[in-house]
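For reference, each letter of the sequence shown is one residue, going 1 to 716 in the working numbering.
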Amino acid sequence: MSERINILIVDDEQINLKLLRGILKGFQLNILSAMSGEEALKIAARGDFALILLDVMMPGMDGFECAERLREKPETRSTPIIFVTAINKEQRHIFRGYELGAVDYLFKPVEPEVLRGKVRTFVELHRQRRSIETAATRLSTLVHKLEESRNALEESERRYRIVADYNYDWESWISPDDRTLYVSPACERISGYPPERFINDPGFMETIMHQDDIPLWRDFLSDEEHGDGGSIDFRIYNSNARMRWVNAVKRSVVDQDEHLGSRVSLRDVTERREMKERMEHQALHDPMTGLPNRVLCMERVNRARQRAKRHSMYFAVLLLDLDRFKVINETLGHVAGDKLLAEVADRLRGCVRDMDTVGRFGGDEFVLLVEEFHDHAHVKTVADKIISELQKPFMLGMDEVRSSASMGVVVSDGKCEDCSEDILHNAHIAMYAAKDAGKNQYTFFEDSMREKAVRTLTLEKDLRRALRDDEFILHYQPIINLESAEVTGFETLIRWEHPDRGLVSPGEFIPIAEDSGLIVEMGEWVLRKAAGVFTEWLKQCRSPEQVFFSVNISARQFREPSLVQMVDSVLAETGLPPKHLKLEITETVIMLDVMDSVRKLNALKDIGISLSVDDFGTGYSSMSYLQKFPVDQLKVDLSFVQRLDRDRDSVEIVRAIINLAHALKLSVVAEGIETQEQKNTLYSLHCDHGQGYLFSKPVPESDAREILLTPNALKL
């Protein structure tokens, strides 16, 4: 027949209509579409359709109601309906459609071959029906033969559905007495065995099934709870002995109220299961090291708490952080850093038992869960082993790298009120205590540490308020020319007048400001305030040309991309000539990233300011690097200066620093001078400048101004 066959597609999404049309493009069908149940009823009533593809979830009239309405109308009562839906097939309610006369379901995203196979079957069936109806018209006189043809056609349609001859899924028809009446050819594609094996041997399915899944299969076939729409996943071994996951859906076969058994549809879902398992693994494991991530670790800690409480045993959480990972990562690159983390993970696995857990929380932070021990000595042995293992050198390509770790340890018997998050928080507190104590060690958590952490948090909150409420003041310590005994400059130092505690030591609040990032805002405030003050002093100074003031730049502040712009902006706003400003940056900070430091220091020099390397001699710079830095001054650390009068080695170290600086045409400042003997030694070593309590302690703004403007204000 040359006349095109009609099919109707119903979906409220235009893109789904286009997709289904595209899949069926080569069938030469007359494809009509509707975007609602109401529209579908109108169109279906006007035409002769071989098949209706009906979406379930639609606004207004859904697919189920639409199917029920179609079955009520004589012209569409027998039109085959296939539901096309995104609803999870494991939800039992979706099989309500079968009660409405639907012949099958297709699940989004639709597999093109499956759709084409099913449509091809119904189109051919429709053509046959049309042919019979045409013959019936021509043979109108032979009414009894027409009735026989019609009955045969209806019987053919019923059997068509009963044997489920849609050839993509593995279809089986099982009788009420458990005989296999029909198995579709698709079983061979999935299992590797022909239909005859299953028909001739009803127990053959169980012989290829995973032993653990046989009880599940038997319950599925016999249990009424797995009635229409019931679904299970189970494992079989195909003819090549490869394990495959199969999904089975069961529904009853009924013909004119007669129960004829069950139809079981099976589909290979191996790829779906494997993808699900991979996604679950990825959700609970660190992708780089394969270790459990924070979510899985916290779950295991919670289970460990319950077991420890139940069995009167201990468990321990060890949280460690690599001490020099940032330096290694920035020096050797992220690839080397990743290799280091992977090697650390392997070493940590070797430090614990199989029953214990090693996890990674991200960055260079790892956690270990040690379970089921009765003596604290056990966890101490584990911690000692970890510290020892991480001290051994790591080979990252051609580079030998040494690292270490700081570790916090929490031991619990599960009876305390602390939840898993509290235990981890305590481990963090203990780990930071280990870092503060000098790193490369472990510290057991004590309640006093939590109290200290609370004080630190309170102090950080107070610092934020202090910045807002202008509670900081500046003190200035004179810097003296050791040859002329003249005041040549001042080091600017911040002080905090706490409204309740009075003057707070910088040693207490500066580290907190550094860790929290407040040091950036604080450092800008110091520079802006001091620049404004010094600008006014210079206007009153008799010979201001050689006078400068210095400001310390913290590690966090030096890493700020906007540092150069900020300094330039402050000078412009305050009117301070750049030559009177000296920035002090510690040796360790500028060595963290040499190339970035050179770039940033050159940019600062271009503004016209001076640069000083603070705490020189305590870091690890070399002559080759020092020559690259555009600095003007080296500042000898006070630890060397204060030992000059009792340690000959310190004298030689200071002599070497001074000679090195002068060879590079740099001036030298010695800080921390407290005795006349120290001053005399430095003078004899040709040190240029000095500061310390021998001359003056840091003083408030008014006193510093008097020292600068009054000749011989300091009695030297």
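Heads up, the beta-carbon is just placed ideally off N, CA and C, and yes, glycines get one too.
Going by the DSSP bridge assignment, what does residue i pair with across the sheet?
i	result
GLU171	SER265
THR492	TYR476 and VAL551
ALA241	In DSSP, ALA241 forms no bridge with anything.
TYR105	PHE83
HIS374	Its beta-bridge partners do not exist; DSSP assigns none.
PRO292	HIS285
GLY230	LYS250
ALA304	Bridge partners of ALA304: none, in fact.
VAL236	Here residue 236 is Ile; the residue named in the question, Val, does not match the sequence. According to DSSP, which records beta bridges pairwise, ILE236 is partnered with MET209 and ARG244.
ALA405	LEU322
LYS635	VAL669
HIS259	VAL254
GLU497	LEU503
PHE616	VAL636
GLY22	The partner list for GLY22 (beta bridge, DSSP) is empty, contrary to what the question assumes.
VAL411	ALA316
ASN481	HIS689
TYR182	TRP173
PHE27	Paired residues: none, contrary to the question.
GLN441	SER406
What residues in its chain sit with their C-beta under 7 Å from that of residue i, if we drop five residues either side in the sequence?
i	result
MET205	PHE198
ASP286	ASN293 and ARG360
THR270	ARG244 and TRP245
GLU677	ASP645
TYR168	GLU113, VAL114, GLY117 and ALA186
SER156	Note on SER156: pLDDT 48, under 50, position unreliable in the model; no value is reported.
ALA430	GLY408, VAL409, VAL410, THR443, PHE444, PHE445 and MET449
LEU153	At LEU153, the pLDDT of 48 sits below 50, so the modelled position is not reliable; the number obtained from the coordinates is stated separately. The residues are ARG129 and ILE132.
ASN329	GLY337
HIS475	LEU493, ARG495, PRO698, VAL699 and PRO700
For residue i, which residues from the same chain have a beta carbon less than 8 Å from its beta carbon, with the 5 sequence-adjacent residues on both sides left out?
i	result
HIS226	Below a pLDDT of 50, predicted positions are generally treated as unreliable, and HIS226, at 49, falls in that range; the measurement from the model is reported next regardless. Once the five neighbours on either side are set aside, the close Cβ partners of HIS226 are ASP219, PHE220, ILE232 and LYS250.
LEU503	ARG495, TRP496 and GLU497
PHE695	PRO478, ILE480, ILE673, LEU714 and LEU716
GLY47	ASN6, LEU8 and LEU32
LEU100	PHE64, ALA67, GLU68, ARG71 and ILE81
GLY438	none
LYS579	PHE548, GLY608, ILE609 and SER610
LEU216	ILE232 and PHE234
LYS628	VAL594 and VAL598
ARG161	A caution first: ARG161 carries a pLDDT of 48, below 50, which makes its placement in the model unreliable, though a value can still be read off. Counting only Cβ-Cβ distances below 8 Å, and skipping sequence neighbours, we find VAL103.
Using a Cβ-Cβ cutoff of less than 6 Å, which residues in the same chain neighbour residue i once the five nearest sequence positions on both sides are dropped?
i	result
MET35	ASP12
ILE81	ILE52, LEU54, ALA67 and ALA102
GLN14	none
ARG247	According to the sequence provided, residue 247 is Asn. The question's Arg does not apply to it. Closer than 6 Å at the Cβ level, and outside the excluded window around ASN247, lie ASP233, ARG267 and VAL269.
VAL570	LEU527, ARG528 and ALA531
ARG263	ALA164, TRP173, ARG251 and VAL253
SER420	MET298, VAL301 and ASN302
ILE214	GLU206
THR85	VAL56
Contact defined as beta carbons within less than 8 Å: I believe residue i pairs with residue j. What is the distance between those atoms, to the nearest angstrom?
i	j	result
VAL410	VAL317	5 Å
LEU341	THR289	6 Å
ILE519	ARG556	5 Å
GLU323	SER406	For the record, residue 323 in the displayed sequence is Asp; it is not Glu. So it is a contact: roughly 6 Å between Cβ atoms.
VAL631	SER612	7 Å
LEU576	PHE534	6 Å
LEU396	LEU332	6 Å
ILE510	ILE553	Contact doesn't hold; Cβ gap of about 13 Å is too wide.
LEU390	SER412	About 24 Å separates the two Cβ atoms, so there is no contact after all.
GLY487	ILE707	Note that residue 487 is Val in the sequence shown, not Gly. About 6 Å; that satisfies the 8 Å criterion.
Does the beta carbon of residue i fall short of 7 Å from some heavy atom of the ligand ZN?
i	result
LEU29	The ligand content of the structure shown is nil, which means the ligand ZN is not present either.
Next on the checklist: Three Cβ pairs or more, each shorter than 8 Å: is that satisfied between the stretch 632 to 647 and the stretch 677 to 690?
Outcome noted: Cβ pair count under 8 Å is three or more, so yes.
Next on the checklist: What ranges does the alpha helix (DSSP H) occupy inside the stretch 575 to 607, keeping only unbroken runs of at least 4 residues that lie completely in it?
Outcome noted: Entirely contained in the stretch 575 to 607, the alpha helix (DSSP H) runs reaching 4 residues are, in chain order, 587 to 591 and 594 to 607.
Checklist entry - Would the stretch 351 to 365 and the stretch 286 to 294 be scored as touching if the rule is three or more Cβ pairs under 8 Å? => result Contact holds: three or more Cβ-Cβ distances are below 8 Å.
Checklist entry - Hey, is the stretch 558 to 567 in contact with the stretch 298 to 313, meaning 3+ C-beta pairs nearer than 8 Å? => result Inter-segment contact for the stretch 558 to 567 and the stretch 298 to 313 is absent: fewer than three beta-carbon pairs are separated by less than 8 Å.
Item to check | Stretch-stretch touch, CB-based, cutoff 8 Å, three pairs: the stretch 306 to 315 with the stretch 371 to 386 | outcome: The stretch 306 to 315 is in contact with the stretch 371 to 386.
Item to check | Cβ contact check for the stretch 113 to 120 and the stretch 23 to 30: 3 or more pairs under 8 Å | outcome: Short answer: they touch.
Checklist entry - Okay, do the stretch 413 to 433 and the stretch 457 to 465 touch, 3+ Cβ pairs below 8 Å being the bar? => result Judged by Cβ distances under 8 Å, the stretch 413 to 433 makes no contact with the stretch 457 to 465, as fewer than three pairs qualify.
Checklist entry - What are the uninterrupted segments assigned as alpha helix (DSSP H) that are 4 or more residues long and contained completely in the stretch 34 to 68, given in chain order? => result Counting only runs of 4 or more, we get 37 to 46.
Next on the checklist: Whether or not the stretch 386 to 403 and the stretch 328 to 347 are in contact is what I'm after, with contact meaning three or more pairs of Cβ atoms, one per stretch, closer than 8 Å; do they touch?
Outcome noted: In this structure the stretch 328 to 347 lies against the stretch 386 to 403, because at least three pairs of beta carbons, one per stretch, are closer than 8 Å.
Item to check | Ranges of the beta strand (DSSP E) found wholly within the stretch 332 to 383, counting only runs of at least 3 | outcome: Secondary structure in the stretch 332 to 383: the beta strand (DSSP E) runs of 3 residues or longer, each lying completely within the stretch, are 357 to 362 and 365 to 373 in chain order.
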